[in-house]
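The numbering used here numbers the first residue of the sequence shown as 4 and each following residue consecutively.
Cβ coordinates follow ideal geometry from the N, Cα and C atoms, glycine included.
Some notes on the structure that comes next.
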Amino acid sequence: MIKSYRFNAAVLDPSRREALAYLRVKAPDDAVGTLLTSAISEAKSVADCRGRAGIFEISFADAIHPSLAKGPLCGCDHFLLFCATIGHEIDRRIARYAYSAPARAAVLDAAAGALTEALCDTLTATVLREYPVGKPGRRFSPGYGDLPLSVQQQIFEILELSRIGVGLNSSLLLSPAKTVTAIVGLTCKAETTPL
Numbered sequence: 004m005i006k007s008y009r010f011n012a013a014v015l016d017p018s019r020r021e022a023l024a025y026l027r028v029k030a031p032d033d034a035v036g037t038l039l040t041s042a043i044s045e046a047k048s049v050a051d052c053r054g055r056a057g058i059f060e061i062s063f064a065d066a067i068h069p070s071l072a073k074g075p076l077c078g079c080d081h082f083l084l085f086c087a088t089i090g091h092e093i094d095r096r097i098a099r100y101a102y103s104a105p106a107r108a109a110v111l112d113a114a115a116g117a118l119t120e121a122l123c124d125t126l127t128a129t130v131l132r133e134y135p136v137g138k139p140g141r142r143f144s145p146g147y148g149d150l151p152l153s154v155q156q157q158i159f160e161i162l163e164l165s166r167i168g169v170g171l172n173s174s175l176l177l178s179p180a181k182t183v184t185a186i187v188g189l190t191c192k193a194e195t196t197p198l
């Protein structure tokens, strides 16, 4: 069963460390720290946190890509397929700041990335509480490792992502920009094979 989810961004806890890593900053000075705090608040205030997710038996993995069951999902009985997005408004803000305040745009982009990751974690935990079919493995996404970006089309169709305002262009890129599709192996009997 595929289900839609909506979350209040105020309850999400984006990692400052992750946002700083996106900025390639190891030790932020006070100005960057203050800007990041403000950017996280702004990202949370405009985010429209939504998701679509479903848990499938491993036999369905071939419908996405033939290498999944023998590769990264090897040893799993089920898998979680999901999409998480924080909406279009953050894209508009980042674009607006790119002209008037480029540093703010970069920091807001990093904060939005960290917020999206926090949403992915929250969505995964929520689905697995509702449907406790097994222990989650590593999360992976199209375009990384041996999983081609072309599977984005199948995921888009299976999850019916237009229901949560997500689009897919001819280059297989999702919009809004801060949108993630991912697969998580469940009930792993053995270590999954790395991508």
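Residue i - partner residues in DSSP beta bridges
i, result
"G188", "F82"
"K6", "A56"
"P139", "L189"
"E178", "With the sequence shown as reference, residue 178 is identified as Ser, and Glu is not the correct amino acid for it. S178 is bridged to G170."
"T127", "According to DSSP, which records beta bridges pairwise, T127 is partnered with nothing at all."
"T88", "R53 and T182"
Neighbour-count burial assignment, residue i, 16 or more Cβ in a 10 Å radius
i, result
"D16", "exposed"
"V138", "In the sequence as displayed, the identity of residue 138 is Lys instead of Val. So K138 counts as exposed."
"K73", "exposed"
"V14", "exposed"
"L71", "buried"
"L150", "buried"
"G148", "exposed"
"L126", "buried"
"A50", "buried"
"P105", "exposed"
Beta-carbon contacts of residue i that lie in its chain and below 7 Å, excluding the five residues immediately before and after
i, result
"V136", "I58, H81, L189 and T190"
"A46", "I93, L111, A114, A115 and L118"
"L26", "A109, V110 and A113"
"A101", "A108"
C-beta contact flag for residue i and residue j at 7 Å
i, j, result
"V183", "A87", "yes"
"R142", "A185", "yes"
"F85", "A56", "yes"
"L39", "A22", "yes"
"L76", "V187", "no"
"I1", "L164", "The structure shown does not extend to residue 1, since the chain spans only 4 to 198, so no value can be given for it."
"P41", "I167", "In the sequence on display, residue 41 carries Ser and not Pro. Not a contact, by the Cβ cut-off of 7 Å."
Neighbourhood of residue i by C-beta, 6 Å cutoff - its chain only, sequence neighbours within 5 removed
i, result
"S178", "G170"
"C52", "F10, A12, I89 and L122"
"T134", "One point to set straight first is that residue 134 is Tyr, not Thr, in the sequence displayed. Here the set comprises I58."
"I91", "Here the sequence assigns His to residue 91, which means Ile is not the residue at that position. Excluding residues within five positions, the ones whose Cβ falls inside 6 Å are P179."
Residue i: CB within 6 Å of a non-hydrogen atom of the ligand NAD
i, result
"I58", "Of the ligands one can find in the structure shown there are none, so the ligand NAD has no counterpart to examine."
Could you tell me whether the stretch 151-159 touches the stretch 66-77, using the rule of 3 or more Cβ pairs below 8 Å?
-> Yes, the stretch 151-159 touches the stretch 66-77.
Counting pairs of beta carbons, one from the stretch 147-154 and one from the stretch 95-103, are three or more of them closer than 8 Å?
-> No contact exists between the stretch 147-154 and the stretch 95-103.
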